[in-house]
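Take a look at the structure below.
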Amino acid sequence: MNSVFGSDYREIEETTNGIVFNIEHFHVHDGEGIRTNVFLKGCNLHCPWCCNPESISPDPQIAFYKKFCTGCGKCQNICPQHCIEITGDGKSRTDRSRCIACGACEKVCPHGARELFGHRMNVAEVMEDVEKDSFYFMNSDGGMTLSGGETCLQPEFARALIEAAHRRYIPVALETAGAVRWESLWKVAELADEILFDLKTTKTEHFAQVGNIFLKKVLNNLHNLTVNGKIITVRCPIIPNFNDTAEHLENVAKIATDFGIKKIDLLPFHQFGRHKYEAIERAYCLKEYPEMERSKVEEMADCLRKRGFQVSVGG
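Those letters in the sequence shown? Residues 2 to 316, per the numbering used here, in order.
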């Protein structure tokens, strides 16, 4: 690490750590300009449409892509827990009750059939990866985006990442659903240059389907962010037969107006993450749901634009 940061910062960055499940480069959504997205693991919501189910558990976990498995047995031989066996169909099977997600099987699989979601990383390690894109940040007004999971479930780590990014003159956007204690949210959001606030639904009875938290608390957190002067984009997933209604659109517009928010992202439901549910053996109840027609979401966006909002479809 460059010595300009001093020994104190170096020690903080090397000793503050958290669980990261992915770092993706060259995003053009999720904030201004070109972004590098850092995904923190763990979420206290359980949205049925989640496209990153590997983000929900706070712990590392092994995904298994059955179609790539040839039954070579290398994973079985390397597993320190002896929790992998080759079944009658010539594929490997993992006893997840014994798996410690050490990642040994991922490293020896020659066909990419196994993937470890969740690595413990310190701040310095994350920033070493993020800094690779500094040139693109400077030339596009881009930066780092902290996402999840729910970023604010790892508040100390997330705040340390933002501080480290700012020491490198990298702007930071924070994505959050706001379904956490205000103290945890503000610990991270206070330093963020931009907030991407995921408003899952605007109906109290619907919110029970995504988590054990009251919609009122989420809206209180959103309000507190606005009164503290944060730059906010409200992001709304649009799910067929759930919130693809004029009533929901009206509620979103009212909330944004009341809180002085001008930017809204509408995120159409898709099936891109479907294969991950099978890979981590998590039930997926929206298999038969059609993807949201972009034309319909564009119509919804136009309705909001006519009311003076800056609206993007897809982030």
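Yeah, the Cβ is synthetic: ideal placement off N, Cα and C, and Gly gets one too.
Going by Cα to Cα distance, which pick from the options is closest to residue i?
| i | options | result |
| --- | --- | --- |
| Thr-202 | Pro-241, Met-122, Ala-190, Glu-191 | Pro-241 |
| Trp-183 | Lys-217, Ile-171, Asp-194 | Lys-217 |
| Ser-58 | Glu-289, Arg-283, Glu-300 | Arg-283 |
| Glu-15 | Asp-142, His-112, Ala-165 | Ala-165 |
| Leu-220 | Ile-232, Cys-103, Gly-230, Asp-199 | Asp-199 |
| Met-145 | Pro-156, Arg-169, Glu-157 | Arg-169 |
| Pro-291 | Cys-80, Phe-273, Arg-94 | Phe-273 |
| Thr-71 | Phe-310, Arg-94, Pro-54 | Arg-94 |
| Lys-307 | Ile-265, Gly-315, Leu-287, Phe-27 | Ile-265 |
| Val-131 | Glu-157, Asp-142, Leu-162, Asp-259 | Leu-162 |
| Lys-204 | Leu-287, Thr-227, Phe-243, Glu-126 | Phe-243 |
| Thr-21 | Glu-55, Gln-77, Asn-225, Tyr-10 | As written in the sequence, residue 21 is Val, which differs from the Thr given in the question. That would be Glu-55, whose Cα lies nearest to the Cα of Val-21. |
| Pro-156 | Glu-126, Glu-191, Asp-9, Ser-135 | Glu-191 |
| Thr-258 | Lys-108, Asn-225, Phe-310 | Phe-310 |
| Phe-27 | Ser-135, Lys-277, Ile-232 | Ser-135 |
| Gly-150 | Leu-287, Gly-19, Tyr-285, Cys-286 | Gly-19 |
In whole angstroms, give me the CA-to-CA distance for residue i and residue j.
| i | j | result |
| --- | --- | --- |
| Asn-140 | Ile-171 | 12 Å |
| Ile-262 | Cys-73 | 55 Å |
| Ser-4 | Thr-17 | Bear in mind that a pLDDT of 47 at Ser-4, under 50, signals an unreliable position, so the number given afterwards is only what the model happens to contain. Roughly 18 Å between the two C-alpha positions. |
| Tyr-137 | Met-128 | 15 Å |
| Ile-13 | Glu-289 | 48 Å |
| Met-301 | Glu-86 | 50 Å |
| Asn-229 | Cys-84 | 51 Å |
| Thr-234 | Ser-313 | 10 Å |
| Arg-121 | Ser-98 | 21 Å |
| Arg-115 | Thr-88 | 16 Å |
| Ile-101 | Val-29 | 35 Å |
| Leu-223 | Ile-79 | 48 Å |
| Gly-104 | Gln-82 | 12 Å |
| Asp-90 | Cys-106 | 19 Å |
| Phe-9 | Asp-303 | In the sequence under discussion, the amino acid at residue 9 is Asp, which differs from the Phe named in the question. Going by the C-alpha atoms only, they are around 51 Å apart. |
| His-167 | Asp-96 | 43 Å |
| Ala-254 | Glu-206 | 19 Å |
| Lys-92 | Gln-77 | 11 Å |
| Ala-209 | Phe-215 | 8 Å |
| Ser-296 | Ile-232 | 29 Å |
| Leu-305 | Cys-237 | 12 Å |
| His-276 | Tyr-285 | 10 Å |
Only counting the same chain, and skipping five residues up and downstream in sequence, which positions put a Cβ closer than 6 Å to that of residue i?
| i | result |
| --- | --- |
| Ile-239 | Asp-245, Leu-267, Pro-269, Met-293, Val-298 |
| Gly-113 | Phe-69 |
| Arg-176 | The sequence as given places Glu at residue 176; Arg does not occur at that position. Contacts found: Ser-148, Leu-197. |
| Gly-315 | none |
| Asn-23 | Phe-40 |
| Tyr-278 | Pro-54, Tyr-285 |
Tell me, to the nearest whole angstrom, how far the beta carbon of residue i is from that of residue j; I am working on the premise that it is less than 8 Å.
| i | j | result |
| --- | --- | --- |
| Val-181 | Leu-154 | 7 Å |
| Phe-118 | Pro-61 | 7 Å |
| Cys-52 | His-271 | 7 Å |
| Lys-75 | Cys-110 | 6 Å |
| Asp-194 | Val-173 | 6 Å |
Identify, in the order they occur along the chain, each residue of the same chain with its Cβ nearer than 7 Å to the Cβ of residue i, setting aside the five sequence neighbours on each side.
| i | result |
| --- | --- |
| Ala-159 | Leu-41, Leu-147, Thr-152, Cys-153, Val-189 |
| Ala-280 | Ala-64, Phe-65, Tyr-66 |
| Leu-186 | Cys-153, Thr-177, Gly-179, Asn-222 |
| Phe-260 | Leu-223, His-224, Thr-227 |
| Leu-287 | Pro-49, Trp-50 |
Below 7 Å, is the gap between the Cβ of residue i and the nearest heavy atom of the ligand GTP?
| i | result |
| --- | --- |
| Lys-133 | Here there are no bound small molecules, and the ligand GTP is not part of this structure. |
Just to confirm my understanding: we take residue i, look at its own chain, exclude 5 residues before and 5 after, and list those with CB closer than 8 Å. What are they?
| i | result |
| --- | --- |
| His-47 | Ile-57, Val-211, Gly-212 |
| Glu-25 | Thr-37, Asn-38, Phe-40 |
| Ile-256 | Leu-200, Thr-203, Leu-220, Leu-223, Val-235, Ile-262 |
Below 8 Å, can you find three or more Cβ-Cβ pairs linking the region 240–260 to the region 21–34?
Touching, no, given that fewer than three Cβ pairs across the two stretches are closer than 8 Å.
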